Amino acid sequence: MSGTDLATVATIAGMTVVTVLTRTLFFLPDEPWPLPRWLEAGFRYAPIAALAAVVLPEILIADGHLITTWRDARVFAAVVAAMWFLFRRGLLGTIVAGMLVYLPLHLGLGW
Amino acid sequence: MALVTPGLAAWGLMTGVAMVKSGMSAVELTLMALFVYAGSSQLAALPLIAAGAPMWVILATSTCVNLRFIVFSAHLRPYVAHLPAWQRVFRGYLFADLSYGLFIRRFPQPATSAEGIAAQDAYWLGNGVSCWLVWATSSLVGAALAATIPVSWGLGFAGVLALLATMIMLATTWQRLVAAAIASVVAIAAFALPLKLNILVAIAAAIAAGLAAERLPGGVGIADEEPGEEHP
Numbered sequence: 024m025s026g027t028d029l030a031t032v033a034t035i036a037g038m039t040v041v042t043v044l045t046r047t048l049f050f051l052p053d054e055p056w057p058l059p060r061w062l063e064a065g066f067r068y069a070p071i072a073a074l075a076a077v078v079l080p081e082i083l084i085a086d087g088h089l090i091t092t093w094r095d096a097r098v099f100a101a102v103v104a105a106m107w108f109l110f111r112r113g114l115l116g117t118i119v120a121g122m123l124v125y126l127p128l129h130l131g132l133g134w
Numbered sequence: 008m009a010l011v012t013p014g015l016a017a018w019g020l021m022t023g024v025a026m027v028k029s030g031m032s033a034v035e036l037t038l039m040a041l042f043v044y045a046g047s048s049q050l051a052a053l054p055l056i057a058a059g060a061p062m063w064v065i066l067a068t069s070t071c072v073n074l075r076f077i078v079f080s081a082h083l084r085p086y087v088a089h090l091p092a093w094q095r096v097f098r099g100y101l102f103a104d105l106s107y108g109l110f111i112r113r114f115p116q117p118a119t120s121a122e123g124i125a126a127q128d129a130y131w132l133g134n135g136v137s138c139w140l141v142w143a144t145s146s147l148v149g150a151a152l153a154a155t156i157p158v159s160w161g162l163g164f165a166g167v168l169a170l171l172a173t174m175i176m177l178a179t180t181w182q183r184l185v186a187a188a189i190a191s192v193v194a195i196a197a198f199a200l201p202l203k204l205n206i207l208v209a210i211a212a213a214i215a216a217g218l219a220a221e222r223l224p225g226g227v228g229i230a231d232e233e234p235g236e237e238h239p
């Protein structure tokens, strides 16, 4: 490990401010900022959309491009995890089942 | 919450490893793990810090990667409106993708009764503080074990699986399935955009698609009215 650099510490402080500001921007004013009704109605799609937009590229993109092979440990692990969650419902089981598929394929076969 | 801990912990572990590999000192990575508390923004900033990029570039990157949180804060505002300002800021700091998904699943609509509001507050605080503790601990453990856990093992994939399960949990109406499908396609198609802006474009497209789907025959008024009785 290298030495501590004051500029890096300042950057980390700045990133903390960014975390707080982005997560609380609409919480800051005492009076709510009026938003159009259609947008408020549309927020019900924001959580699933954000999760899908984060998750699917993590499964289907390699080196910046959509994968073209089926031999990818992430795809098999995600399918098994999704099935487990749909039929068995537990989050813990889902993660364990997915990783039990992922690790052998990834480490054993190099997928 | 306890059930998603392995996913969050594996993700924190790998972020800890990544912080060491990018050459941060023990003090720097401890500060980052404890305070920044935003995995995707940390991972985006690490190569820039390692390369000695100007601070404004790092902060601009961090802001763009976090833009989705602004959408979350607009959505969640009614849930915290009754709290004093410093409490709103503290609660806001505590939520990230996973806690947002779990919270909205449990409380699809802001409560109106006093007990309802108390239950929301308790869940938010408990969920948020546990997520923070798991994240901070696992990041520091990851940093300590960095020499023994190769990044190539891909343990961080457990975090993706936790998010995947949370996503399926939220797919309670067909309009939401449409929104998730559109978000997935757009996020992949726009993946080449810098600074993870593909996520923001995908959320915008999915909101538009979800609202459009509600206008189709059979889609009116059925979205999102279920109570969040199911305990994750």
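Protein chains in written order, with the numbering used here: chain U, 24 to 134; chain G, 8 to 239. For each residue, glycine too, the CB sits at the ideal point set by N, CA and C. For clarity, every value in this text was computed on a predicted model and none was experimentally measured.
(message) If contact is defined by three or more beta carbon pairs under 8 Å, each pair taking one atom from either stretch, is the stretch 121-133 of chain U in contact with the stretch 136-144 of chain G?
(response) Because the criterion of three Cβ pairs below 8 Å is not met, the stretch 136-144 of chain G and the stretch 121-133 of chain U do not touch.
(request) My understanding is that V167(G) touches E81(U), with C-beta atoms under 8 Å, so please give their C-beta distance in whole angstroms. (result) Confirmed, about 5 Å.
(request) Drop a sphere of 10 angstroms on the beta-carbon of T180(G), count the other beta-carbons inside from all chains shown, and report buried for 16 or more, exposed for fewer. (result) It is buried - the Cβ of T180(G) has at least 16 other Cβ atoms within 10 Å.
(request) Under 6 Å Cβ to Cβ from E236(G), same chain only, skipping five residues before and after it: list those, please. (result) Unreliable placement is indicated for E236(G), whose pLDDT of 39 sits below 50; no coordinate value is reported for it.
(request) Kindly indicate which three-state DSSP category H88(U) falls into: helix, strand or coil? (result) DSSP places H88(U) in the strand class (E or B) of the three-state scheme.
(request) Report the option in A186(G), L200(G), A165(G) whose CA atom is closest to the CA atom of P13(G). (result) Checked all of A186(G), L200(G), A165(G); the closest Cα to P13(G) is A165(G).
(request) Report the option in M62(G), Y130(G), N134(G), L105(G) whose CA atom is closest to the CA atom of T173(G). (result) Here the closest residue by C-alpha is L105(G).
(request) Go ahead and pull the three-state DSSP assignment for G235(G). (result) Here G235(G) scores only 40 on pLDDT, less than 50, and its place in the model should not be relied on; the value that follows carries that caveat. In this structure, G235(G) counts as coil in the three-state DSSP scheme.
(message) Less than 8 Å between CB atoms is the rule here; does M38(U) satisfy it with respect to chain G?
(response) Residue contact with chain G for M38(U): present (Cβ-Cβ distance below 8 Å to some residue of chain G).
(request) With F110(G) as the anchor, note down where its alpha helix (DSSP H) starts and where it stops. (result) For F110(G), the enclosing alpha helix (DSSP H) begins and ends at 104-113.
(request) Reducing DSSP to helix, strand and coil, say where W19(U) ends up. (result) Residue 19(U) cannot be examined here, being either before or after the span of chain U that is shown, 24 to 134.
(request) Within the same chain, show all residues whose beta-carbon is closer than 7 Å to that of A16(G), passing over the 5 residues directly before and after it, in chain order. (result) Result list for A16(G): V141, S145, in chain order.
(message) Closest to A64(U) by C-alpha separation, out of P115(G), V193(G), P54(G), would be which residue?
(response) Comparing Cα-Cα distances from A64(U) to each of P115(G), V193(G), P54(G), the minimum goes to P115(G).
(message) Measuring CB atoms only, is the stretch 76-85 of chain G touching the stretch 64-75 of chain U, in the sense that at least three cross pairs come out at less than 8 Å?
(response) Of all C-beta pairs linking the stretch 76-85 of chain G to the stretch 64-75 of chain U, three or more are shorter than 8 Å, placing the two stretches in contact.
(message) Could you compute how far the alpha carbon of G59(G) sits from the alpha carbon of L29(U)?
(response) Answer to the nearest angstrom: the Cα atoms are 12 Å apart.
(message) Quick check: is the beta carbon of I118(U) nearer than 8 Å to any beta carbon in chain G?
(response) Proximity of I118(U) to chain G, defined by a Cβ-Cβ separation below 8 Å, is satisfied.
(message) Taking the beta carbon of G133(U) as the centre, do at least 16 other beta carbons fall within 10 Å, making it buried, or is it exposed?
(response) The residue in question, G133(U), is exposed, as its Cβ has fewer than 16 Cβ neighbours within 10 Å.
(message) Less than 8 Å between the C-beta atoms of L177(G) and P70(U), yes or no?
(response) For the pair L177(G) and P70(U), the CB atoms are nearer than the 8 Å cut-off.
(request) Starting from the Cα of G87(U), find the closest Cα among P201(G), L101(G), V11(G) and give me that residue. (result) By alpha-carbon distance to G87(U), the top candidate from P201(G), L101(G), V11(G) is P201(G).
(request) Report back the beta-carbon spacing between L171(G) and A105(U) to the nearest angstrom; my notes put them in contact at under 8 Å. (result) The C-beta separation of L171(G) from A105(U) comes to about 6 Å, placing the pair in contact by the 8 Å criterion.
(message) Here's the rule I'm using: 16 or more other beta-carbon atoms within 10 Å means buried, otherwise exposed. How should W93(U) be labelled?
(response) Answer is exposed; the Cβ neighbour count stays below 16.
(request) Return helix, strand or coil for E54(U), following the three-state DSSP convention. (result) Correct three-state label for E54(U): coil.
(request) Please name the residue, chosen from Y130(G), W131(G), S47(G), that lies closest to W7(G) on a Cα-to-Cα basis. (result) Residue 7(G) lies beyond the range of chain G shown here (8 to 239); nothing can be said about it.
(message) Output needed for A197(G): all residues of its chain with C-beta closer than 8 Å, excluding positions within five of it in sequence on either side, in chain order.
(response) Excluding sequence positions up to five before and after A197(G), its CB lies within less than 8 Å of the CB of L204, N205, V208, A209, all in the same chain and listed in chain order.
(request) Could you tell me which chain U residues have their CB closer than 8 Å to the CB of G217(G), listed as they occur along the chain? (result) The contacting residues are G65, R67, Y68, A72.
(request) Starting from D104(G), find everything on chain U with Cβ-Cβ shorter than 7 Å and list it in chain order. (result) Contact note: D104(G) reaches chain U through A73, L74, V77, using a C-beta cutoff of 7 Å and chain order.
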